[in-house]
Amino acid sequence: GNKLYAKIKIAKKETELGKARDNSKTYTEHAVRLLTWVEGNTLATAPALSPYLLRKTGAYLAALDSALDTLKDDDAKGLQRTHLWDLQNFEMVSSDVFTKPLHNDLPKHTLLKRTLSEFKTLVLPLNKKMKLRKGIVHGDFNDANIVLSSKNDEVGGVIDFGDSTMSWRVNDPAIAMAYVAIALVKADEKKVHGFGMKEEDGSLLYQGMVAFLKGYIAQYKLTPDELSVVLVLARCRVATSATLGWYSYSLDPTNEYLKFHAEPAWKALGEMHNIRMDKFLKDIL
């Protein structure tokens with residue numbers, strides 16, 4: 027096939043952004059950011075995925091959030107920003123700009139509207155009453171950003187703080203749960219170990235989210251109000267990923283990578299809406 031080359035301009039200062047131009051017919055310019063390499067496998071490439079590892083992952087995020095809580099207000103000045111992927115701004119994702127590609131896809135559009143309705147009726151009233159604590163969040167604790175130890179049996183580090191904001195504290199575990207759900211929807215059966223196989227155990231997606239959140243709340247206590255909406259916010263993050271991914275795919279239908287990542291998100295969102303909140307809360311506590 028045709029090879030695609032890029033001409034890269036490296037940033038000389040931290041305040042500059044590197045740029046790359048490809049030699050395609052459109053001669054597209056892309057933003058480039060070079061980061062320091064962190065050794066280790068990511069959770070996405072781990073040889074096995076188990077409830078044990080997910081609990082350890084939840085505990086790691088809890089420790090990270092505890093550390094972030096120690097930062098002073100001055101440390102968070104640059105994080106007071108409007109960010110599309112911040113769950114506080116979920117309503118922005120449902121704008122006509124991003125949902126236009128869904129207008130001819132009733133099942134997907136219905137899922138998004140149902141998620142938005144939950145956000146408005148369950149989450150926003152708590153925020154109005156100032157029942158959702160604020161803090162610096164990592165904002166993108168997903169399986170591609172979680173680096174495992176050399177034995178692949180616990181978390182050794184986390185990368186990519188580009189989505190960090192000052193936001194609701196509960197957003198961090200909710201976002202992580204969202205990506206646990208997506209990862210298990212598309213996981214190879216040979217990689218999945220230690221999950222219950224009985225009907226009463228629930229789906230892999232369900233068991234994975236429960237395991238993760240149990241690991242998190244064992245180290246970082248969430249309030250009853252936060253627990254009441256953590257699953258709703260996890261759905262909101264999956265809906266964000268699915269909607270924006272589908273929007274990006276509509277702009278570039280030749281990019282199968284975008285479709286490959288958006289489709290499992292829609293499937294996960296459908297499964298997540300079948301979860302009974304009372305059972306979920308019972309199983310995590």
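Just add 26 to the spot in the sequence shown (first one is 1) and you have the working numbering. Beta carbons: idealized from backbone N, C-alpha and C, even for Gly.
Can you tell me whether residue i is buried or exposed? The criterion is at least 16 other CB atoms within 10 Å of its CB, across all chains shown.
{"i": "T136", "result": "exposed"}
{"i": "A93", "result": "exposed"}
{"i": "L257", "result": "buried"}
{"i": "T269", "result": "buried"}
{"i": "S134", "result": "For clarity, residue 134 is Lys in the given sequence; the question names Ser instead. K134 is buried by the Cβ-count criterion."}
{"i": "M156", "result": "exposed"}
{"i": "A74", "result": "exposed"}
{"i": "Y283", "result": "exposed"}
{"i": "M303", "result": "exposed"}
{"i": "T191", "result": "buried"}
{"i": "G234", "result": "buried"}
{"i": "S120", "result": "buried"}
{"i": "E252", "result": "buried"}
{"i": "D99", "result": "exposed"}
{"i": "G228", "result": "buried"}
{"i": "E144", "result": "buried"}
{"i": "P77", "result": "buried"}
{"i": "R107", "result": "exposed"}
{"i": "D91", "result": "buried"}
{"i": "L311", "result": "exposed"}
I need the DSSP call for residue i, collapsed to helix, strand or coil.
{"i": "S143", "result": "helix"}
{"i": "I185", "result": "coil"}
{"i": "I243", "result": "helix"}
{"i": "K160", "result": "strand"}
{"i": "L60", "result": "coil"}
{"i": "T191", "result": "strand"}
{"i": "L311", "result": "coil"}
{"i": "K29", "result": "Only weak support exists for where K29 lies, its pLDDT of 46 falling under 50; the coordinates are left without a value."}
{"i": "L248", "result": "coil"}
{"i": "V256", "result": "helix"}
{"i": "V196", "result": "coil"}
{"i": "I172", "result": "strand"}
{"i": "Y273", "result": "helix"}
Closest by CA to residue i, which one among the options?
{"i": "S254", "options": "I208, T68, H287 and P199", "result": "P199"}
{"i": "L113", "options": "L174, V149, S276 and E289", "result": "V149"}
{"i": "A265", "options": "T280, E282, S229 and N115", "result": "N115"}
{"i": "R261", "options": "Y205, N171 and T108", "result": "Y205"}
{"i": "R140", "options": "A213, E252, L259 and K308", "result": "L259"}
{"i": "A213", "options": "M303, R302, A294 and H299", "result": "A294"}
{"i": "N67", "options": "K154, V119 and D169", "result": "D169"}
{"i": "D95", "options": "V196, M118 and D179", "result": "V196"}
{"i": "D131", "options": "W292, L97 and W194", "result": "W292"}
{"i": "M203", "options": "G165, K285, D100 and T249", "result": "G165"}
{"i": "A72", "options": "T147, R263 and K217", "result": "K217"}
{"i": "E180", "options": "F145, S267 and L80", "result": "L80"}
{"i": "A70", "options": "N171, I201 and K285", "result": "N171"}
{"i": "E289", "options": "K308, V211 and V236", "result": "V211"}
{"i": "L152", "options": "H129, Y232, T249 and I310", "result": "T249"}
{"i": "F167", "options": "L97, L142, Y232 and F238", "result": "F238"}
{"i": "T138", "options": "V173, D309, L277 and S267", "result": "Sequence inspection shows Leu at residue 138; the Thr mentioned does not correspond to that position. Minimum Cα distance to L138 is reached at S267."}
{"i": "L230", "options": "E117, D278, W111 and I301", "result": "I301"}
{"i": "F286", "options": "A209, H299 and I310", "result": "A209"}
{"i": "M118", "options": "N281, R263 and L311", "result": "R263"}
{"i": "K308", "options": "V236, L277, W111 and D278", "result": "V236"}
{"i": "D189", "options": "H219, W111 and V173", "result": "W111"}
{"i": "L105", "options": "S175, L142, W194 and H129", "result": "W194"}
{"i": "A207", "options": "A89, H299, K247 and K305", "result": "H299"}
Compute the minimum distance between the beta carbon of residue i and the heavy atoms of the ligand ZN, and state whether it is under 8 Å.
{"i": "I162", "result": "With respect to the ligand ZN, the structure offers nothing, as it holds no ligand at all."}
Three or more C-beta pairs closer than 8 Å, one from the region 77 to 86 and one from the region 234 to 244: is that the case here? These segments touch.
Unbroken beta strand (DSSP E) runs of length 3 or more, entirely within the region 51 to 122: which are they? 55 to 58
For the pair the region 61 to 79 and the region 157 to 164, tell me if three or more CB-CB distances fall below 8 Å. no
Do the region 175 to 187 and the region 211 to 225 meet, that is, are 3 or more Cβ pairs less than 8 Å apart? Flag = no, the region 175 to 187 and the region 211 to 225 do not touch.
Taking contact to mean 3 or more Cβ pairs, one atom from each stretch, closer than 8 Å, check whether the region 272 to 279 and the region 121 to 130 are in contact. yes
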